[in-house]
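Novice:
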Amino acid sequence: MTESTSFRSALLYFKDKRLVTIFCFGLASGFPWIMIGSAMTAWLSDAGLTRTSIGLFGLIFGAYSFNFMWSPLVDRLKVPYLCKALGQRRGWIFAMQLIIVLSCLAITQIEVEIGLATLALCGLIIAISGATQDIAIDAYRIDILYDKDKNYLAAGSAMATSGWWTGYAGLGSIPFILADNPNWQWQEIYYVLALIMLVVSIATFFAKEPVNNRAQTQANIQQQYQFALVQHDKKPALMLLPLMLIFTAIVLAFVDVGQHIISNNQQILLTSIVAVAGLVWLARLLYQLQVNIHQLPQVQYTEQSPTSVKIAAWVLSTLVAPLQEFFQRNGVKLSLSLLAFIFLFKLGEAYLGRMSIVFYKEVGFSNSDIAYYSKLINWAVTIVFSLIGSIFTIRFGILKGLFIGGIAMASSNLLFAVIALVGPNKGLFAFTVIVDGFTSAWGSVAFVALLSVLCNKTFTASQYALMASLGTLARVLLGSYSGILVDALNGNWALFFVLTALMVIPSLLFLYAIRKPINRLIESNSE
Numbered sequence: 034m035t036e037s038t039s040f041r042s043a044l045l046y047f048k049d050k051r052l053v054t055i056f057c058f059g060l061a062s063g064f065p066w067i068m069i070g071s072a073m074t075a076w077l078s079d080a081g082l083t084r085t086s087i088g089l090f091g092l093i094f095g096a097y098s099f100n101f102m103w104s105p106l107v108d109r110l111k112v113p114y115l116c117k118a119l120g121q122r123r124g125w126i127f128a129m130q131l132i133i134v135l136s137c138l139a140i141t142q143i144e145v146e147i148g149l150a151t152l153a154l155c156g157l158i159i160a161i162s163g164a165t166q167d168i169a170i171d172a173y174r175i176d177i178l179y180d181k182d183k184n185y186l187a188a189g190s191a192m193a194t195s196g197w198w199t200g201y202a203g204l205g206s207i208p209f210i211l212a213d214n215p216n217w218q219w220q221e222i223y224y225v226l227a228l229i230m231l232v233v234s235i236a237t238f239f240a241k242e243p244v245n246n247r248a249q250t251q252a253n254i255q256q257q258y259q260f261a262l263v264q265h266d267k268k269p270a271l272m273l274l275p276l277m278l279i280f281t282a283i284v285l286a287f288v289d290v291g292q293h294i295i296s297n298n299q300q301i302l303l304t305s306i307v308a309v310a311g312l313v314w315l316a317r318l319l320y321q322l323q324v325n326i327h328q329l330p331q332v333q334y335t336e337q338s339p340t341s342v343k344i345a346a347w348v349l350s351t352l353v354a355p356l357q358e359f360f361q362r363n364g365v366k367l368s369l370s371l372l373a374f375i376f377l378f379k380l381g382e383a384y385l386g387r388m389s390i391v392f393y394k395e396v397g398f399s400n401s402d403i404a405y406y407s408k409l410i411n412w413a414v415t416i417v418f419s420l421i422g423s424i425f426t427i428r429f430g431i432l433k434g435l436f437i438g439g440i441a442m443a444s445s446n447l448l449f450a451v452i453a454l455v456g457p458n459k460g461l462f463a464f465t466v467i468v469d470g471f472t473s474a475w476g477s478v479a480f481v482a483l484l485s486v487l488c489n490k491t492f493t494a495s496q497y498a499l500m501a502s503l504g505t506l507a508r509v510l511l512g513s514y515s516g517i518l519v520d521a522l523n524g525n526w527a528l529f530f531v532l533t534a535l536m537v538i539p540s541l542l543f544l545y546a547i548r549k550p551i552n553r554l555i556e557s558n559s560e
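Residue 34 is where the sequence shown starts when you use my numbering, and the numbers rise one by one after that.
1) Quick one: grab the DSSP three-state call for residue 215.
2) Among residues of its own chain, excluding the 5 on either side of residue 237, which ones have a beta-carbon nearer than 6 Å to its beta-carbon?
3) Residue 389 by DSSP, collapsed to three states: which one?
4) Relative to the C-alpha of residue 67, which candidate in 216, 543, 163, 98 has its C-alpha closest?
5) With burial defined as no fewer than 16 other Cβ atoms inside 10 Å of the residue's Cβ, what is the status of residue 50: buried or exposed?
6) If you compare alpha carbons, which of 380, 378, 403 is closest to residue 390?
7) With DSSP as the reference, label residue 488 as helix, strand or coil.
8) Does the Cβ-Cβ distance between residue 493 and residue 175 come in under 8 Å?
9) Can at least three beta-carbon pairs, one atom from the segment 406-420 and one from the segment 182-202, be found at a separation below 8 Å?
10) What residues in its chain sit with their C-beta under 7 Å from that of residue 456, if we drop five residues either side in the sequence?
11) How long is the line joining the alpha carbons of residue 229 and residue 542, rounded to whole angstroms?
12) Considering only C-alpha positions, which residue in the set 419, 470, 185 is nearest to residue 442?
13) With a CB to CB cut of under 7 Å and the five nearest residues on each side skipped, what residues in its chain are close to residue 477?
14) Classify residue 399 as helix, strand or coil using the three-state DSSP reduction.
15) Please look up how many angstroms separate the CB atoms of residue 46 and residue 223, rounded, as I've assumed it's under 8 Å.
16) Take the Cβ of residue 110 as the centre, count every other Cβ of all protein chains shown within 10 Å, and call the residue buried at 16 or more, exposed below.
17) Relative to the C-alpha of residue 520, which candidate in 422, 156, 242, 83 has its C-alpha closest?
18) Taking 8 Å as the threshold (C-beta atoms), are residue 227 and residue 138 in contact?
19) Could you tell me the distance, in whole angstroms, from the CA atom of residue 427 to the CA atom of residue 168?
20) One question on the structure: do residue 155 and residue 132 come within less than 8 Å of each other, judged by their Cβ atoms?
21) For the ligand SAH, any of its heavy atoms closer than 7 Å to the Cβ of residue 159?
22) What are the uninterrupted segments assigned as alpha helix (DSSP H) that are 4 or more residues long and contained completely in the segment 429-483, given in chain order?
23) So, at 8 Å on beta carbons, what are the nonlocal neighbours of residue 316 in its own chain, with the 5 sequence-adjacent residues on each side left out?
24) Using the rule of at least 16 other Cβ atoms within 10 Å of the residue's Cβ for burial, across every protein chain shown, is residue 257 buried or exposed?
25) Along the chain, where does the alpha helix (DSSP H) containing residue 185 start, and where does it finish?
26) Find out if the Cβ-Cβ distance for the pair residue 161, residue 152 is shorter than 8 Å.
27) To the nearest angstrom, how far is it from the Cα of residue 453 to the Cα of residue 63?
28) Check the Cβ-Cβ distances between residue 306 and every residue of chain B, and say whether any is below 8 Å.
29) What's the C-alpha gap between residue 221 and residue 214?
30) If we call anything under 8 Å between Cβ atoms a contact, is residue 28 one with residue 495?
31) Give the DSSP-derived three-state secondary structure of residue 42 in the structure shown.
32) Within the continuous alpha helix (DSSP H) that includes residue 541, where are the two ends?
33) Give the secondary structure of residue 81 by DSSP, where H, G and I count as helix, E and B as strand, and everything else as coil.
34) Considering only their Cβ atoms, is the gap separating residue 368 from residue 359 smaller than 8 Å?
35) For residue 108, does the count of other Cβ atoms within 10 angstroms reach 16, so buried, or fall short, so exposed?
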């Protein structure tokens, strides 16, 4: 096959009509980040909040990092009426979109000076709804594009990325343009954001619901657990206790118990002990049950089981089976390596994202500058490079796309350091935005394609959410403390961005170390 023919073949993937739906859902996925991200940051900055306060306000994005905790429910539970009318995936998507619209309307009634806690609560509801919407949208994309030719997943990644940036940067420029008009207040701007989200949700009704045998496969897996529990005479409560320990550890990790009860170091130690105990206990019980996710039940278990056994089997097949299948399919060593890389890859963007708007304002750029350069230009650049990146990924593979994206990530951070030294130079700002757009687009397409290929179609919502949450975890947790770091550096933005560039290096070294097993895994999953 010649190079020109290969290029044309790659372009043919984008003729698929399913990609239009993927683009629209990507738009719906990116837009909530404006409501609780850059628009809210600008509003809080205009209201006079400190960098540290604004940075900590970003903790509401934690919902995007921990949506894997309830992602199995999106695979198994149905939203009343909506899932019956629209299907499993679209029903969840539309339900979350309605909640986002209503929460956005609630924000229009809040005064920042006296209602900061209420604003944070509304933002948290939007974050949880947006994170849940993302679970359903990502699962929809993989379900609808899952084919023997996995190149459709790369093309779908490009359209999802383009759609996300259209919602985040394209439509996201609107509040900043309006904010520079003295006739518009931020509360009024949120009316516009609610209306836009409502219009975007219309696309859900025109999408085609994926058709698969996921429900039957999940029922078979549940039957395996039920049979194993009875055969090995395991008490249902014993199977649920380790899950309760793991959940307790997660709560302890993110809830401040209070210095008067336990010190921070003691809380960290307690969290670690509880988490390890829960995981070891669960692993031991699963080993004893010997349930193989990739095999259908050897027998049809029809004996009437106690309700407690049925509940335990449902919980295990819903919450545990997705992770168990991932480790059984890939092996423990490779599975842990994959999860570690996913966590590390976006580390370089962790501190940059949350403080970018604050940085632009402190350097001297206006709201209009931010709208036109950071949003509109970045939007166009991202769409172009998303398409180019997906074509490159289709032709040369996911690994090369990841390497290029990682190197570009460090380069773009260094350009922001130059802006910090030079000042509000619009030409340099435009060039930096173009490089940053290339970085985000190229890296995201390859990253999303990798996560999509790694999923099993029975557990697309659960497994993709788990991996995507790990990818978001570093950005949310570390990004929330970005304001503290800038303050600790006495506002030295140049040094701040140099440090973020250096954070990219560990992920690239780790990727190089595991490149061969990852490549074999991608090839085996694409057969």
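Built from N, CA and C at the ideal position, the CB exists for glycine as well.
Specialist: Inspection of the coordinates gives the following:
1) coil
2) 123, 126, 127
3) Here residue 389 sits in helix by DSSP.
4) Nearest C-alpha to residue 67: 163.
5) In this structure residue 50 is exposed. Its beta-carbon is surrounded by fewer than 16 other beta-carbon atoms within 10 angstroms.
6) Of the candidates 380, 378, 403, the one whose C-alpha sits nearest the C-alpha of residue 390 is 403.
7) Residue 488: coil per DSSP, three-state reduction.
8) Yes.
9) With the cut-off at 8 Å, the segment 406-420 and the segment 182-202 touch.
10) 396, 397
11) Taking the Cα positions, residue 229 is about 42 Å away from residue 542.
12) That would be 470, whose Cα lies nearest to the Cα of residue 442.
13) 194
14) coil
15) That belief does not hold up - the Cβ atoms of residue 46 and residue 223 are roughly 38 Å apart, past 8 Å.
16) exposed
17) 83
18) yes
19) 25 Å
20) No, the Cβ-Cβ distance between residue 155 and residue 132 is not below 8 Å.
21) This structure lacks the ligand SAH; in fact it carries no ligand of any kind.
22) 431-455
23) Nothing meets the Cβ criterion.
24) buried
25) 184-198
26) Residue 152 sits away from residue 161, with the two beta carbons spaced by 8 Å or more.
27) Each residue's Cα considered, the two are about 28 Å apart.
28) Here chain B cannot be found, since the structure has a single protein chain.
29) 12 Å
30) For residue 28 there is no data in the structure shown, the boundaries of the chain being 34 and 560.
31) helix
32) Per DSSP, residue 541 belongs to the alpha helix (DSSP H) from 537-546.
33) Three-state DSSP puts residue 81 in coil, outside helix and strand.
34) yes
35) buried
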